[in-house]
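There are 2 protein chains.
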Amino acid sequence: MQSGFPFTKFADRLASLVELSSDDVDLLAKMPATIGHFGSRDIVARKGDRPTVCCLLLQGYLCWTVDCESQQQITSLHVPGDIPDLQALSAPLLQFDLTAFGPVVVAFVPHRFFRELSEASARLSRALSLLMLTDVWCLRNWICNLATRDALARVAHLLCELTVRLQAIGQARDFRFLSPFTQTDLAAACAISAVHANRTIQELRRRKLLQWNSRTIEITDWSGLVRLAGFQPDYLGLRKPSLQEAKDFNASLAEIRI
Amino acid sequence: MQSGFPFTKFADRLASLVELSSDDVDLLAKMPATIGHFGSRDIVARKGDRPTVCCLLLQGYLCWTVDCESQQQITSLHVPGDIPDLQALSAPLLQFDLTAFGPVVVAFVPHRFFRELSEASARLSRALSLLMLTDVWCLRNWICNLATRDALARVAHLLCELTVRLQAIGQARDFRFLSPFTQTDLAAACAISAVHANRTIQELRRRKLLQWNSRTIEITDWSGLVRLAGFQPDYLGLRKPSLQEAKDFNASLAEIRI
DNA sequence: TGCGCCATCTAACAAAGGTTAAAGACGAAT
DNA sequence: ATTCGTCTTTAACCTTTGTTAGATGGCGCA
Chain W
1 MQSGFPFTKF ADRLASLVEL SSDDVDLLAK MPATIGHFGS RDIVARKGDR
51 PTVCCLLLQG YLCWTVDCES QQQITSLHVP GDIPDLQALS APLLQFDLTA
101 FGPVVVAFVP HRFFRELSEA SARLSRALSL LMLTDVWCLR NWICNLATRD
151 ALARVAHLLC ELTVRLQAIG QARDFRFLSP FTQTDLAAAC AISAVHANRT
201 IQELRRRKLL QWNSRTIEIT DWSGLVRLAG FQPDYLGLRK PSLQEAKDFN
251 ASLAEIRI
Chain C
259 MQSGFPFTKF ADRLASLVEL SSDDVDLLAK MPATIGHFGS RDIVARKGDR
309 PTVCCLLLQG YLCWTVDCES QQQITSLHVP GDIPDLQALS APLLQFDLTA
359 FGPVVVAFVP HRFFRELSEA SARLSRALSL LMLTDVWCLR NWICNLATRD
409 ALARVAHLLC ELTVRLQAIG QARDFRFLSP FTQTDLAAAC AISAVHANRT
459 IQELRRRKLL QWNSRTIEIT DWSGLVRLAG FQPDYLGLRK PSLQEAKDFN
509 ASLAEIRI
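Given below as structure tokens:
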């Protein structure tokens, strides 16, 4: 299972951003990688580190976190296929902690490999740049989320983003996915208190937008959730109109139920 | 005044991050630039644009803004010497608006020039990477600021960051600087209402931490402001310990007053 | 000189969300 | 099966901040 696995995960993610040729995929297949396993809350890379490898996330979730004013704050969220520390490639001093949520598998890939990729293929170089850029877009959007939405819409928006990003890598096609996040984690991401996170989830449940039971989240009314959140996924840089696909899927679900 | 001016501004900024050799400065001096002037609230580059030049800020302030839920949100702040759209170099699709605050002078510099710089000098390449990276660090810190501090500390933190960044480029040495920002702008940056921004500023004045009159801000108690904000400037990546310098300066001021 | 515009300021009230504390619920380990 | 710890849920109360609306003040311009 392990052999070839890391690069396909990454190829899927890049393919969600740009169209890849078979030459590109051949180049990616040469990726040297060391596999690492982590448990929930393990810190994969720490503030102050100067790693010479990037973390390609294969399974689970990684978040950039920071202990600020005596509470942990989540500043971004990464799904399999992402390389959270790609932008640190040429200036590898970490200013934040990279924390695992749930059981996590990563591939450590030498910085050198990505530099060689960039030189070997203009398209791959562009793809890597886009990958970095979407992280920045996500950060600005995260700021916008915290700044302009109330707790309910904020949580809804986070779940919309998570769903679409999972769908872009072929997961959560049925709007259902496993989540290692506790309500306290959700609170740390959305900058609300844990108690209010609970109130908010219950309100989302009451509105029949989702179910969230014991580590499984299911979005039961996608277009309702999108409307509540004011979610516009263009900032994710995704090639496919996942939202439209999703709407179609949801519509078909609705038909079945009627 | 115009000739040579753009590159010195930029060299100052890079020198705040890494030590530059005279060769590096010679390379920077070859920077081709077109000067542009903008008025307050002008949009220098717009969401959806695909520019082939970067914006080197020479005078005034540029902010990345986004109209989200019918209100303008500021997601980052840039001072002279910064290149707000440097990270868009290789994937130049803009997802946000770059807005001028106050009268602004920029130098438009072709993307090509920065690619050539990176190839010509490893140190300059590293400096450019650091410049991009500090933007990302600032974004994560901005998230942390919105998420973990109340309005008073949030405003204090923003002013601390602004002061240190200005000092790093040789401005605001005496903790006094011109500001084109209205209280409404401050509110848009800190995600508070304009009314509350006013209350907050008055509280900062009442505590004798600063004066803010008709476009001029003066920090009158730097260490008090730093303490209130819980400000730790390491995320700015600055080479010089500006904070220490500042503390010394403030201490000397205090002595004079006694 | 006076007008209009915009920024600042003030006050009263309303709403959203934080805090504390304690009670259930669930799962893992013994 | 029991116990422990963590996660979820509930309730009461309180603080911060938002909202609305109007007053004040400065500045450019006719």
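Heads up: the protein sequence lines correspond to chains W and C, in order. Mapping of the first sequence onto the numbering used here: position 209 corresponds to residue 209, and the numbering continues sequentially without gaps. Count along the second sequence starting at 1, add 258, and that's the number in the numbering used here. Glycine included, C-beta positions come from ideal geometry on N, C-alpha and C. All values reported here derive from a predicted model rather than from experimental measurement.
Nearest-angstrom Cβ-Cβ length linking residue i and residue j, presumed shorter than 8 Å
| i | j | result |
| --- | --- | --- |
| T310 of chain C | W322 of chain C | Contact flag wrong, Cβ pair sits at about 19 Å. |
| H78 of chain W | L57 of chain W | 6 Å |
| P180 of chain W | S40 of chain W | 6 Å |
| D24 of chain W | R123 of chain W | 6 Å |
| C312 of chain C | H369 of chain C | 6 Å |
| R308 of chain C | P342 of chain C | Contact doesn't hold; Cβ gap of about 16 Å is too wide. |
Sequence-distant residues of the same chain with beta carbon closer than 8 Å to residue i, five excluded per side
| i | result |
| --- | --- |
| L275 of chain C | A385, L388, L389, T392, G495, L496, R497 |
| P361 of chain C | H295, F296, G297, S298, Q317, G318, P438 |
| Q244 of chain W | Its pLDDT being 48, under 50, Q244 of chain W is placed unreliably in this model, and the value from its coordinates should be taken loosely. Once the five neighbours on either side are set aside, Q244 of chain W has no close Cβ partner at all. |
| S376 of chain C | L382, S383, L386 |
| C418 of chain C | L483, V484, A487, F489, P491 |
| R205 of chain W | Q211, W212 |
| L42 of chain W | Rather than Leu, the amino acid found at residue 42 of chain W in this sequence is Asp. Correct list, in chain order: T99, A100, V104. |
Own chain residues within Cβ distance below 6 Å of residue i, not counting five before or after
| i | result |
| --- | --- |
| A512 of chain C | Because A512 of chain C sits at a pLDDT of 48, beneath the cut-off of 50, its placement in the model cannot be relied upon, and the following sentence gives the value as read from the coordinates. Nothing meets the Cβ criterion. |
| T442 of chain C | A452 |
| I450 of chain C | A409 |
| D270 of chain C | G339, I427 |
| R457 of chain C | none |
| K267 of chain C | L316, P338, G339 |
| A291 of chain C | P264, A365, V367 |
| C326 of chain C | none |
| E277 of chain C | none |
| A120 of chain W | L27 |
Close beta carbons around residue i, own chain, < 7 Å, minus the five adjacent residues each side
| i | result |
| --- | --- |
| S500 of chain C | Confidence at S500 of chain C is low in this model, with a pLDDT of 49, below 50, so its placement is unreliable and no value can be given for it. |
| T220 of chain W | K208, L209, L210, Q211 |
| W395 of chain C | Y493, G495 |
| E461 of chain C | L410 |
| R407 of chain C | H415 |
| E476 of chain C | F433, R434, L468, Q469 |
| S70 of chain W | none |
Within 8 Å, strictly: CB atoms of residue i and residue j
| i | j | result |
| --- | --- | --- |
| R304 of chain C | L352 of chain C | yes |
| R398 of chain C | L139 of chain W | yes |
| L356 of chain C | V302 of chain C | yes |
| V226 of chain W | C190 of chain W | no |
| A445 of chain C | A430 of chain C | no |
| L28 of chain W | F5 of chain W | no |
| R215 of chain W | L178 of chain W | yes |
| A153 of chain W | Q331 of chain C | no |
| A100 of chain W | L62 of chain W | yes |
| M31 of chain W | F96 of chain W | no |
| C144 of chain W | V367 of chain C | no |
Sheet register partners of residue i (DSSP bridge)
| i | result |
| --- | --- |
| S334 of chain C | C:W322 |
| H37 of chain W | W:V105 |
| T474 of chain C | C:L436, C:N471 |
| T99 of chain W | W:I43, W:C63 |
| V311 of chain C | C:P368 |
| Q263 of chain W | Examination of residue 263 of chain W is not possible in this model, given that chain W is present from 1 through 258 alone. |
Every unbroken alpha helix (DSSP H) inside the stretch 402 to 471 of chain C [4 residues or more]: Counting only runs of 4 or more, we get 409 to 426, 441 to 448, 452 to 464.
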